[in-house]
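J.: Listed in order, the protein sequences are those of chains R and S.
Read in the working numbering, the first sequence has 67 at position 67, and its numbers run on one by one without any break.
For any residue, its number in the working numbering is found by taking its place in the second sequence, counting from 1, and adding 111.
Even for Gly, the Cβ is constructed at its ideal location relative to N, Cα and C.
The structure's right below; bear with me while I get my questions together.
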Amino acid sequence: DVKVTQSSRYLVKRTGEKVFLECVQDMDHENMFWYRQDPGLGLRLIYFSYDVKMKEKGDIPEGYSVSREKKERFSLILESASTNQTSMYLCASSLSNYGYTFGSGTRLTVV
Amino acid sequence: KQEVTQIPAALSVPEGENLVLNCSFTDSAIYNLQWFRQDPGKGLTSLLLIQSSQREQTSGRLNASLDKSSGRSTLYIAASQPGDSATYLCALNFGNEKLTFGTGTRLTIIP
Numbered sequence: 001d002v003k004v005t006q007s008s009r010y011l012v013k014r015t016g017e018k019v020f021l022e023c024v025q026d027m028d029h030e031n032m033f034w035y036r037q038d039p040g041l042g043l044r045l046i047y048f049s050y051d052v053k054m055k056e057k058g059d060i061p062e063g064y065s066v067s068r069e070k071k072e073r074f075s076l077i078l079e080s081a082s083t084n085q086t087s088m089y090l091c092a093s094s095l096s097n098y099g100y101t102f103g104s105g106t107r108l109t110v111v
Numbered sequence: 112k113q114e115v116t117q118i119p120a121a122l123s124v125p126e127g128e129n130l131v132l133n134c135s136f137t138d139s140a141i142y143n144l145q146w147f148r149q150d151p152g153k154g155l156t157s158l159l160l161i162q163s164s165q166r167e168q169t170s171g172r173l174n175a176s177l178d179k180s181s182g183r184s185t186l187y188i189a190a191s192q193p194g195d196s197a198t199y200l201c202a203l204n205f206g207n208e209k210l211t212f213g214t215g216t217r218l219t220i221i222p
């Protein structure tokens, strides 16, 4: 089975901190994604990557950046965390329209 | 903009009953459709993937159907169990690798 591993289940950070959320997949998938999920708003795409060093903005990229230096790892970076970035963050990977596999999520709280 | 609706938003049924969850979409030009379940505070678990050329997929007590002409997919759960309690999401892929998620159905199985 494909595994998508998110390094932290829970994180608490202070306003203004630089935050790194890490995601690793073990099945050589081309595509990787970062979503955030908020009550009443559903899942919203932040960024995705279809190859190493390639990235595209999703629906809500403001305040975020990403890095994909290796195929298996996709990092989400909050340059200066703010309280409105408190959310559940979900990473996923896919292989050419053959379905997504999601990680277990990171619950980030910014205080 | 594609719209994906899941009705009802919440459903409670006694244990042992068979049930159907619905997913409706306005744009029939889909590449594939995926059903997920999400337990509270957790990531998404893939249940079934239906390619646009398929009519249905089965896995254990789950059966998903796809009717592109009517813009509808259903997830049938047989002999429901308390462990089936979760939020169920359908997600559509229109060929650009990005998923459009439905609004979700929160399912409660009453022991």
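1) If we cut at 8 Å on Cβ distances, does residue 101(R) have a partner in chain S?
2) Between residue 107(R) and chain S, is the shortest Cβ-Cβ distance under 8 Å, so that the two count as touching?
3) Examine chain B for any beta-carbon lying closer than 8 Å to the beta-carbon of residue 50(R), and answer yes or no.
4) Note down, in chain order, every chain S residue with its Cβ under 7 Å from the Cβ of residue 104(R).
5) Between the segment 113-129 of chain S and the segment 70-78 of chain R, are three or more C-beta pairs nearer than 8 Å?
6) When the cut-off is 8 Å and only beta carbons count, does residue 94(R) lie next to chain S?
7) Taking residue 177(S) as the query, report the chain R residues whose CB atoms sit under 9 Å from its CB, ordered along the chain.
8) Between the segment 134-145 of chain S and chain R, which residues of the former have CB atoms less than 8 Å from a CB of the latter, in chain order?
9) With respect to the beta strand (DSSP E) encompassing residue 58(R), which residues constitute its N-terminal and C-terminal limits?
10) Where does residue 16(R) sit, in a helix, a strand or coil, going by DSSP?
11) Evaluate contact between the segment 99-108 of chain R and the segment 178-190 of chain S, counting only Cβ atoms and requiring at least three cross-stretch pairs below 8 Å.
12) Which residues of chain S have a Cβ atom closer than 9 Å to the Cβ of residue 42(R), listed in chain order?
13) Give me the Cβ distance between residue 212(S) and residue 115(S), rounded to the nearest whole Å; I'm assuming they're in contact under 8 Å.
T.: This is what the structure gives:
1) Position 101 of the first sequence, counted from the start, is the residue given in the question as residue 101(R). Using beta-carbon distances, residue 101(R) counts as an interface residue toward chain S, with a partner under 8 Å.
2) The residue labelled residue 107(R) in the question sits at position 107 within the first sequence. Residue 107(R) belongs to the set of residues whose beta carbon lies under 8 Å from a beta carbon in chain S.
3) Reference to chain B is not applicable here, since the protein chains of this structure are R and S.
4) Within the first sequence, residue 104(R) is the residue found at index 104, counting from 1. Within chain S, the residues placing a beta-carbon under 7 Å from that of residue 104(R) are 153 and 154, ordered along the chain.
5) Proximity of the segment 113-129 of chain S to the segment 70-78 of chain R falls short of the contact definition, fewer than three beta-carbon pairs being nearer than 8 Å.
6) Numbered from its first residue, the first sequence carries residue 94(R) at position 94. Interface residue, yes.
7) Translated into positions along the second sequence, residue 177(S) becomes position 66. Among the residues of chain R, none has a CB under 9 Å from the CB of residue 177(S); the nearest is roughly 14 Å distant.
8) The residues in question are 142, 143 and 145.
9) Locating residue 58(R) in the first sequence gives position 58, counting from the first residue. Run containing residue 58(R): none; DSSP gives neither H nor E here.
10) Translated into positions along the first sequence, residue 16(R) becomes position 16. In this structure, residue 16(R) counts as coil in the three-state DSSP scheme.
11) Per the Cβ contact rule, the segment 99-108 of chain R is not in contact with the segment 178-190 of chain S (fewer than 3 Cβ pairs under 8 Å).
12) Counting from 1 along the first sequence, the entry for residue 42(R) is found at position 42. Within chain S, 200, 212, 213, 214 and 215 have C-beta atoms less than 9 Å from the C-beta of residue 42(R), given in sequence order.
13) By one-based count along the second sequence, residue 212(S) stands at place 101. By one-based count along the second sequence, residue 115(S) stands at place 4. Their Cβ separation, rounded to whole angstroms, is 7 Å, which keeps residue 212(S) and residue 115(S) in contact under 8 Å.
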